[in-house]
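Everything below concerns the one structure shown next.
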Amino acid sequence: MGDDLRRLVIDGGQSIVNFDNKAFKSIPQEGIDLAVKAMSEGVMYRYQPKSKELSITAKLEHNFSKYMGVKHTIGTNSCGSAMYIALNIVGVKPGDKILTNAFTFHAVPSVIQHARAIPVLVESNREWAMSAEDLDKKATETGAKVLLMSYMRGHVPDMDAVMEVVKKHDLIFIEDCAHAYETRWNGKFLGKFGQIGCFSTQSSKGMSAGEGGIFITDNDEYAAKAALYAGSYERLWTKHFDLDPEIMDRLQNQIPGYSMRMQEVTAAMLTPQIERLPKIKKIHVENWNLLHSLINDNDNIEIPMPLPQVDSFCDTMQFHLVGLSREKADQFIDLMKMEGVPMQIFGAKRNARDYRQWEYVEAHKEELGETIANIEFACDLSLQPHLNQENIKIIAQVITEVLAYINAQ
Ligand SMILES: Cc1ncc(COP(=O)(O)O)c(C=O)c1O
598 MGDDLRRLVI
608 DGGQSIVNFD
618 NKAFKSIPQE
628 GIDLAVKAMS
638 EGVMYRYQPK
648 SKELSITAKL
658 EHNFSKYMGV
668 KHTIGTNSCG
678 SAMYIALNIV
688 GVKPGDKILT
698 NAFTFHAVPS
708 VIQHARAIPV
718 LVESNREWAM
728 SAEDLDKKAT
738 ETGAKVLLMS
748 YMRGHVPDMD
758 AVMEVVKKHD
768 LIFIEDCAHA
778 YETRWNGKFL
788 GKFGQIGCFS
798 TQSSKGMSAG
808 EGGIFITDND
818 EYAAKAALYA
828 GSYERLWTKH
838 FDLDPEIMDR
848 LQNQIPGYSM
858 RMQEVTAAML
868 TPQIERLPKI
878 KKIHVENWNL
888 LHSLINDNDN
898 IEIPMPLPQV
908 DSFCDTMQFH
918 LVGLSREKAD
928 QFIDLMKMEG
938 VPMQIFGAKR
948 NARDYRQWEY
958 VEAHKEELGE
968 TIANIEFACD
978 LSLQPHLNQE
988 NIKIIAQVIT
998 EVLAYINAQ
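Numbered as in this note's numbering, the sequence shown ends at 1006 without a single skipped number.
Here it is in structure tokens:
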């Protein structure tokens, strides 16, 4: 070995990584204080406070609406719940076909299955976003009328092309923005293109509270139904800021309540996180750009870039490994883990983001060639905002060294 080559952990060397790239964000002190206050006073249920002005959840909803520039936000206990409620609101019935991504997390086809509907899987492109061309094809072939689209890992398709397909087939469009906080297409927030947008506040997400979800819409009737499906009953809707009394009275006893409410402690943890979003995005973008500049020239790495209209959150990085066998690609992941930089390949080792693993979905048997090719060697690296530029340089060094080691064998 030359003087400048470090001995890797596999050969008895020491790891140079003294940070955890996957560690989740902590809760800002203001959120901790609010949560502790709610717990100390025994006020954890969102409808317990005497008025909407005293409800942490109602205020969070109101503030999220202002931040996104939408009429309504309803807090839920998960993004899966928000999406399930959305499917119910738009009238999905058992056996209906729902267009969705072949490449997304299995929570998404699971929600469709929860509604006893049938996922129609749409191909993903090289940059892991939905193919508008295949969407058009599948909409034509199946006659499906609902699109539940994920911006998986923040990757955004050509939204002009997608919206054309939506218009052409008159699709109801529900956006899964679990990975798309602070993400814009031509200056417009994702989550505002469809009739309904759904966000996750599970710990790995941009807003993070262990669990939780956010439902947004500009449609008064949908907002009313979302509050009721989530579990508002009697006249508890008066403890929301923006619901229409006439619609609430009319729908009051017609909608089942699925007990999918957000709770006060979750809302407390999230309260200071809306204004944190642009701040952590700045860190993400700087880190992403630095890592890109350090590894993009490597012959074994291909980093597809977002379309120029996209303004991304950049809290993770994906790249394709190229010129490596399956065995060597798997070895790369194993060695990276040993070095202290864990990552995964989407299309390997029974990954829950590989549609071929979704055995409860009939379409898992389909040969979706584009998606398979684009997940087969796709590495997924978490870049949480506690990482500094020195950490990023170390990640780049380790990636480069591990690839050199593999190639030398
Ligand atoms: C793309 C995507 N959509 C939806 C969800 C569901 O979010 P939740 O866990 O809040 O239900 C997840 C969860 O990780 C996800 O990755």
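Ideal Cβ positions, reconstructed from N, Cα and C, are used throughout, including at glycine.
Same chain, Cβ closer than 6 angstroms to residue i, neighbours up to 5 away in sequence not counted
{"i": "Gln1012", "result": "Because the chain here runs from 598 to 1006, residue 1012 falls outside it and cannot be looked at."}
{"i": "Pro625", "result": "Pro869"}
{"i": "Val708", "result": "Gly677, Met680, Tyr681"}
{"i": "Tyr855", "result": "Tyr826"}
{"i": "Met804", "result": "Thr798, Leu867, Gln870"}
{"i": "Val882", "result": "Cys911"}
{"i": "Gly807", "result": "Ser800"}
Euclidean distance between Cα positions of residue i and residue j
{"i": "Gln928", "j": "Ile1003", "result": "8 angstroms"}
{"i": "Met598", "j": "Asn895", "result": "For Met598, the pLDDT reaches just 46, beneath the cut-off of 50, and the residue's location in the model is therefore unreliable, leaving the point undetermined."}
{"i": "Phe790", "j": "Ala729", "result": "15 angstroms"}
{"i": "Lys622", "j": "Ser801", "result": "8 angstroms"}
{"i": "Lys1011", "j": "Arg643", "result": "Residue 1011 is absent from the structure shown; the chain starts at 598 and stops at 1006."}
{"i": "Ala975", "j": "Lys694", "result": "29 angstroms"}
{"i": "Leu978", "j": "Gln941", "result": "7 angstroms"}
{"i": "Asp731", "j": "Val719", "result": "6 angstroms"}
{"i": "Tyr830", "j": "Lys734", "result": "42 angstroms"}
{"i": "His837", "j": "His659", "result": "8 angstroms"}
{"i": "Val753", "j": "Val759", "result": "10 angstroms"}
{"i": "Ile871", "j": "Glu738", "result": "41 angstroms"}
{"i": "Trp955", "j": "Glu963", "result": "11 angstroms"}
{"i": "Gln566", "j": "Trp885", "result": "There is no way to answer for residue 566, as the model of the chain reaches only from 598 to 1006."}
{"i": "Arg947", "j": "Val633", "result": "40 angstroms"}
{"i": "Ser637", "j": "Ile629", "result": "12 angstroms"}
{"i": "Gly688", "j": "Phe943", "result": "33 angstroms"}
{"i": "Glu861", "j": "Gly809", "result": "11 angstroms"}
{"i": "Lys879", "j": "Asp908", "result": "11 angstroms"}
{"i": "Gln1006", "j": "Ala960", "result": "39 angstroms"}
{"i": "Ala683", "j": "Leu651", "result": "27 angstroms"}
{"i": "Lys649", "j": "Lys656", "result": "7 angstroms"}
Residues of its chain near residue i, where Cβ-Cβ distance is below 7 angstroms and the 5 sequence neighbours each way are ignored
{"i": "Trp834", "result": "Ala824, Leu840, Met845"}
{"i": "Ile852", "result": "Lys822, Leu825, Tyr826"}
{"i": "Leu848", "result": "Ala821, Lys822, Leu825"}
{"i": "Gln915", "result": "Trp725, Arg750, Ala975, Cys976, Asp977"}
{"i": "Tyr819", "result": "Ile686, Gln792, Ile793"}
{"i": "Leu887", "result": "Gln986, Ile989"}
Cutoff 8 angstroms; reference residue i; Cβ partners in own chain excluding five residues on either side
{"i": "Gln594", "result": "This structure cannot settle anything about residue 594, because the visible part of the chain is limited to 598 through 1006."}
{"i": "Gly920", "result": "Asp896, Asn897"}
{"i": "Ile935", "result": "Residue 935 is actually Met in this sequence, not Ile. Leu605, Val606, Ile607, Ser612."}
{"i": "Leu768", "result": "Leu696, Ala736, Ala741, Lys742, Val743, Leu744, Val762"}
{"i": "Gly692", "result": "Arg713, Ala714, Ile715"}
{"i": "Phe702", "result": "Ser747, Met749, Ala775, Ala949, Arg950"}
Exercise. Which residues are close to ligand 1, meaning CB closer than 6 angstroms to any heavy atom, in chain order?
Worked result: Ser675, Cys676, Gly677, Thr701, Phe702, Ala704, Val705, Ser747, Met749, Asp773, Ala775, His776, Ser797, Gln799, Gly810
For this session: Taking 8 angstroms as the threshold, find out whether the stretch 768–783 comes into contact with the stretch 792–799 through three or more Cβ pairs.
Result: yes
For this session: Say whether the stretch 709–727 touches the stretch 661–676, bearing in mind that this needs 3 or more beta-carbon pairs closer than 8 angstroms, one atom from each stretch.
Result: No: fewer than three Cβ pairs fall under 8 angstroms.
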